[in-house]
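**Q** When the letters of the sequence shown are read in order and numbered with this note's numbering, they come out as residues 3 to 181.
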Amino acid sequence: MGRPLWQIDADLRRLQAEKKAARTRTFKPGMRLRSFKPEAKGQRDPRQVDAAYLAWLHVDTDCIACLIEGRPHNPHGLQSTIEAAHQNLAIASKGWRERGGGKRIHDARCVPLCTLHHTGLPNACDNGQRKFWDRLGLGDAVADFCRDLHAAFTADEPALPIIHRYAMDQLHPQSTEEA
3 MGRPLWQIDA
13 DLRRLQAEKK
23 AARTRTFKPG
33 MRLRSFKPEA
43 KGQRDPRQVD
53 AAYLAWLHVD
63 TDCIACLIEG
73 RPHNPHGLQS
83 TIEAAHQNLA
93 IASKGWRERG
103 GGKRIHDARC
113 VPLCTLHHTG
123 LPNACDNGQR
133 KFWDRLGLGD
143 AVADFCRDLH
153 AAFTADEPAL
163 PIIHRYAMDQ
173 LHPQSTEEA
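1. Using the three-state DSSP reduction, which class does residue 61 fall into: helix, strand or coil?
2. Under a three-way DSSP split, which group does residue 124 fall into?
3. Apart from the five residues just before and just after residue 11, which ones in its own chain have a Cβ nearer than 6 Å to its Cβ?
4. Taking C-beta to C-beta, are residue 63 and residue 161 nearer than 8 Å?
5. Just curious, the beta strand (DSSP E) that residue 108 is in, first and last residue?
6. Can you tell me whether residue 126 is buried or exposed, with buried defined as 16 or more other CB within 10 angstroms of its CB?
7. Which value, in whole angstroms, describes the spacing of the CA atoms of residue 168 and residue 25?
8. Considering only the alpha carbon of each residue, which of 140, 54, 22 lies closest to residue 13?
9. On the DSSP bridge assignment, give the partners of residue 115 in chain order.
10. Do residue 51 and residue 109 have their CB atoms nearer than 8 Å?
11. Considering only residues of the same chain and omitting the five flanking positions on each side of residue 141, which have a CB-CB separation below 7 Å?
12. What residue from 5, 23, 78, 91 has the CA that sits closest to residue 145's CA?
13. Could you spell out the range, first to last residue, of the alpha helix (DSSP H) harbouring residue 80?
14. So residue 69 and residue 117 are supposed to be a Cβ contact under 8 Å. How far apart are they, rounded?
15. Note down the Cα distance separating residue 112 from residue 86, rounded to an integer number of angstroms.
16. Is the separation between the beta-carbon of residue 74 and that of residue 120 shorter than 8 Å?
17. Give me, in chain order, the residues of the same chain whose beta-carbon lies closer than 7 Å to that of residue 150; leave out the 5 immediate sequence neighbours on both sides.
18. Are there 16 or more other CB atoms within 10 angstroms of the CB of residue 152, so buried, or fewer, so exposed?
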């Protein structure tokens with residue numbers, strides 16, 4: 003069998019970025035090049051982009067909310083695929099600050115959610131992340147969940163065991179308290 007789809011997708015994005023960077027730019031008189039750079043000096047927390055990680059989250063993963071709550075009723079017939087949901091929560095104990103002003107979140111702070119749990123329902127994650135994770139019972143542990151998923155990606159391990167472990171911890175909390 004060949005390479006995984008997420009690796010091919012990441013390589014394609016990297017090659018497209020290299021091609022774009024190699025283009026020569028010509029400017030008409032009066033035009034200016036934008037000076038914004040995400041790693042500019044003085045920025046406290048520039049966004050960290052990882053296309054390979056986002057692609058990895060889309061392949062062979064489950065929605066943790068579906069594992070905990072069950073698949074939701076789909077009244078509109080939306081196609082429910084796995085999406086990378088960026089988590090914009092302020093969790094001081096984990097070093098997470100909420101980013102405002104339209105700033106994007108680091109890609110390492112993503113979790114795999116189905117379309118319905120991500121954006122498709124009135125009580126979806128993007129409609130109120132704090133309420134969503136508290137309802138699932140994860141609360142501030144979503145930071146640990148994101149960290150463990152990203153660690154599995156960097157170690158080239160599958161995501162499913164981590165997703166299932168966090169889901170089982172919420173379905174059977176007494177087993178974690180006894181250990």
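Beta carbons are placed, not taken as given, at the ideal position from N, Cα and C, and that holds for glycine.
**A** By the coordinates alone:
1. Translated into positions along the sequence shown, residue 61 becomes position 59. Coil.
2. Here residue 124 refers to the residue found at position 122 of the sequence shown. Residue 124 carries a coil assignment under DSSP once its states are collapsed to helix, strand and coil.
3. Working through the sequence shown from its first residue, we reach residue 11 at position 9. Excluding sequence neighbours, residue 11 sits near 57.
4. Numbered from its first residue, the sequence shown carries residue 63 at position 61. Numbered from its first residue, the sequence shown carries residue 161 at position 159. Closer than 8 Å, so yes.
5. Residue 108 sits at position 106 when you count from the first residue of the sequence shown. Segment: none, residue 108 is in no beta strand (DSSP E) and carries neither H nor E.
6. For this step, residue 126 is matched to residue 124 along the sequence shown. Per the 10 Å Cβ criterion, buried.
7. Residue mapping note: residue 168 aligns to position 166 of the sequence shown, counting from 1. Residue mapping note: residue 25 aligns to position 23 of the sequence shown, counting from 1. Between residue 168 and residue 25, the alpha-carbon positions lie close to 45 Å from each other.
8. In the sequence shown, the residue the question calls residue 13 occupies position 11. Nearest C-alpha to residue 13: 54.
9. As a working note, residue 115 is residue 113 in the sequence shown. Its beta-bridge partners are 85.
10. Taking the sequence shown and counting its residues from 1, one reaches residue 51 at position 49. Taking the sequence shown and counting its residues from 1, one reaches residue 109 at position 107. A contact, by the Cβ cut-off of 8 Å.
11. Position 139 of the sequence shown holds residue 141. The residues are 135.
12. Position 143 of the sequence shown, counted from the first residue, corresponds to residue 145. Closest in C-alpha terms to residue 145, from the list 5, 23, 78, 91, comes 91.
13. Numbered from its first residue, the sequence shown carries residue 80 at position 78. No alpha helix (DSSP H) holds residue 80; DSSP gives it neither H nor E.
14. Working through the sequence shown from its first residue, we reach residue 69 at position 67. Working through the sequence shown from its first residue, we reach residue 117 at position 115. Contact doesn't hold; Cβ gap of about 16 Å is too wide.
15. Working through the sequence shown from its first residue, we reach residue 112 at position 110. Working through the sequence shown from its first residue, we reach residue 86 at position 84. Residue 112 and residue 86 have their C-alpha atoms spaced approximately 6 Å apart.
16. On the sequence shown, position 72 is the one that residue 74 refers to. On the sequence shown, position 118 is the one that residue 120 refers to. Not a contact, by the Cβ cut-off of 8 Å.
17. As a first step, residue 150 must be located in the sequence shown, where it is residue number 148. Closer than 7 Å at the Cβ level, and outside the excluded window around residue 150, lie 164.
18. If you number the sequence shown from 1, residue 152 lands on position 150. Counting Cβ neighbours within 10 Å, residue 152 comes out buried, since at least 16 surround it.
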